[in-house]
Amino acid sequence: MAEEVHFNIWDPEFRANPYPYYGPLLAGPPPIVTVGPMTFALVARYADVTAGLRDHEHLSSVQPPPPPEQVYEGRFKGSRNMLGSDPPQHSRLRRLVSRDFTPRRIRELEPRIREIAKELLDKVEAKGEFDVMADLANVLPVTVIAEMLGVPPELNPRFKHWSDTIIGGDNNVPGSPPSPKIVRVIDELGDYFTAEIEKRRANPGPDLVSALVAAHDEGEVMSEADLLSFVTLLLVAGNETTTNLIGNGMLALGSNPDQFDALKRNPAMLPRAIEEMLRYDGPVQSTVRFTTEAVQLGGTEIPAKAIALMIVAAANRDPAQFKDPEKFDVARDPNEHVAFGEGIHFCIGAPLARLEARIAFEAMLARFPRLRMKDPAMKPVYKGSYFLRGLESLPLAID
Ligand code: HEM
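Per this note's numbering, the sequence shown starts with residue 3, numbered consecutively.
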């Protein structure tokens, strides 16, 4: 079994299309592989990924401390955000923002998100050319999350740069420290938000940063560094992921014209089509967990001090769970994919991501009824990260 496995996130061919490489992983128990001093479990089968993500007692989200020479000394030193914590800390941190991310609160954002999408497509129409990444997908989510955080629109390009640099580093072996370039960007972002936090403390507004500052000041549940880390998580997690849902989803539609036509004929299928985009080619390929003691999963003993890659994108192609998993089917039902994870860390931004994607596709289909790939033979070019999968560009024809 282990001999057949080829899993190299730095291999450009693997990154361009990891799905064929998941096949052998879906055929048996999770293999254990070693890279230098590190031990990895490659968890791919749907049953194993869901069981592993639910077992937060044995599979921790807390990254083990780095060796002393690699300890990071910047603004975020010692901070924890909810993604990287276990209960009870995780539950406390998550509670602080959960009321801002309920489906009802998120629905209130709908008119504003529509307005942003409309403005972006007005520009596309005026120029007569459309790259869905540059003109829509890269801009919409960052604009929305920046507004939620109360950041002025003129800072959006700087935000995007911070977010892209931080994300660009995630082909590091999980658990290894950030590169100096990333540390620099993290510190810049830290400086900006440290100043903002002080401003909102003096002058609270209706934004998320003010709400977090108030929660922090009342309850003392978060350190200053935690607060910064939290805001950064929202910025990064709410940005690139949704961008890539719009891009990867459009590529799936453009490469499957029969499915695209079915959706154009019946736009009411859109919510289901978006679930299929998430399953078929989701923005997050894999998340990670850490073991402190040996744990059994899917017939494998994962040793202590190992890193378990929970490959949600592989689980979403598992034939034991999905009929014809390689087929992109906009009418797929049921579709219990794990693109947003599972268990206590299930994506808190899922309602927002779904809403933004729905609005983006509705707006595009209504404005450009003949929307299609500009060059159906185009070989898609992906950005650098394996963990967050997304396109550099995707030119579309709108005539
Ligand atoms: C299509 C878009 C998105 C996808 C595919 C996605 C995927 C995921 C996944 C797989 C996890 C679980 C990670 C783990 O268990 O280790 C997660 C967690 C999280 N996501 Fe998303 N996400 C998306 C959009 C968003 C948005 C829009 C936001 C916020 C504005 C967001 C904020 C978060 C946060 C804060 C967590 C951590 C939750 C926790 O630890 O309890 N995500 N996301």
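Cβ atoms here follow ideal geometry from the backbone N, Cα and C, with glycine treated the same way.
Remember, predicted model here, so these are calculated numbers, not experimental data.
{"Check": "Is E278 near R319, with beta carbons less than 7 Å apart?", "Outcome": "no"}
{"Check": "Between R360 and K329, what straight-line distance do the alpha-carbon atoms span, to the nearest angstrom?", "Outcome": "21 Å"}
{"Check": "Comparing alpha-carbon positions, which option in R186, I108, D137 lies nearest L122?", "Outcome": "D137"}
{"Check": "Name, in chain order, the residues that DSSP records as bridge partners for M375.", "Outcome": "L398"}
{"Check": "Within the present structure, is the beta-carbon of M84 separated from the nearest heavy atom of ligand 1 by less than 6 Å?", "Outcome": "yes"}
{"Check": "Between the Cα of M271 and those of T293, P305, V332, spot the shortest distance and give me the residue it belongs to.", "Outcome": "V332"}
{"Check": "Consider the C-beta atom of T289 and the heavy atoms of ligand 1; say whether any pair is separated by less than 6 Å.", "Outcome": "yes"}
{"Check": "Would you tell me roughly how many angstroms separate the C-alpha atoms of G259 and L265, rounded to the nearest one?", "Outcome": "Residue identity differs from the one stated: residue 259 is Pro in this sequence, not Gly. For P259 and L265, the distance between alpha carbons rounds to 10 Å."}
{"Check": "Report the three-state DSSP secondary structure of Q323 (helix, strand or coil).", "Outcome": "coil"}
{"Check": "Is there at least one non-hydrogen atom of ligand 1 closer than 6 Å to the beta-carbon of P273?", "Outcome": "no"}
{"Check": "So is the beta-carbon of P285 under 6 Å away from any non-hydrogen atom of ligand 1?", "Outcome": "yes"}
{"Check": "What residue range is occupied by the uninterrupted alpha helix (DSSP H) comprising V146?", "Outcome": "142-150"}
{"Check": "Verify whether the separation of the beta carbon atoms of A310 and L61 is less than 7 Å.", "Outcome": "yes"}
{"Check": "Helix, strand or coil: which one does DSSP assign to D13?", "Outcome": "coil"}
{"Check": "Do R17 and Y388 have their C-beta atoms closer together than 7 Å?", "Outcome": "yes"}
{"Check": "Any idea what DSSP makes of Q298, helix, strand or coil?", "Outcome": "strand"}
{"Check": "Just the C-alpha distance for L191 and D166, rounded to the nearest angstrom, thanks.", "Outcome": "12 Å"}
{"Check": "Taking contact to mean 3 or more Cβ pairs, one atom from each stretch, closer than 8 Å, check whether the segment 289-302 and the segment 42-58 are in contact.", "Outcome": "yes"}
{"Check": "Going by DSSP, name the residue or residues bridged to V126.", "Outcome": "According to DSSP, which records beta bridges pairwise, V126 is partnered with nothing at all."}
{"Check": "Any contact of the segment 366-379 with the segment 230-238, i.e. 3+ C-beta pairs under 8 Å?", "Outcome": "no"}
{"Check": "For the alpha helix (DSSP H) containing I108, name the first residue and the last one.", "Outcome": "105-109"}
{"Check": "Quick one: is the Cβ of T244 within less than 6 Å of any heavy atom of ligand 1?", "Outcome": "yes"}
{"Check": "Going by CA-CA distance only, name the one from R116, P353, S225, S93 that's closest to T145.", "Outcome": "R116"}
{"Check": "What's the gap between the Cα of M3 and the Cα of F195?", "Outcome": "Only weak support exists for where M3 lies, its pLDDT of 44 falling under 50; the coordinates are left without a value."}
{"Check": "I need the boundaries of the alpha helix (DSSP H) containing V51, first residue and last residue.", "Outcome": "48-56"}
{"Check": "Note down, in chain order, each residue of its chain lying with its Cβ closer than 8 Å to the Cβ of P105, except the 5 sequence neighbours on either side.", "Outcome": "P353"}
{"Check": "Rounded to whole angstroms, how far is the Cβ of S288 from the Cβ of M312, which I believe are closer than 8 Å?", "Outcome": "6 Å"}
{"Check": "Given a threshold of 16 other Cβ atoms within 10 Å of its Cβ, counted over all protein chains shown, does P327 qualify as buried or as exposed?", "Outcome": "buried"}
{"Check": "What residue range is occupied by the uninterrupted beta strand (DSSP E) comprising A270?", "Outcome": "Counting along the chain, A270 falls outside any beta strand (DSSP E), and DSSP gives it neither H nor E."}
{"Check": "Assuming contact is defined by CB atoms lying nearer than 7 Å, are P397 and K381 in contact in what I supplied?", "Outcome": "no"}
{"Check": "Taking just the CA atoms, how far does N205 sit from H339?", "Outcome": "42 Å"}
{"Check": "Using a threshold of 7 Å, state whether the C-beta atoms of E394 and P143 are closer than that.", "Outcome": "no"}
{"Check": "K162: buried (16+ other C-beta within 10 angstroms of its C-beta) or exposed?", "Outcome": "buried"}
{"Check": "Measuring from the CB of I361, is there a heavy atom of ligand 1 at a distance below 6 Å?", "Outcome": "no"}
{"Check": "How should T293 be labelled, buried or exposed, when 16 other C-beta atoms within 10 angstroms of its C-beta is the threshold for buried?", "Outcome": "buried"}
{"Check": "Among L44, P90, A46, V45, which has the Cα closest to the Cα of V64?", "Outcome": "P90"}
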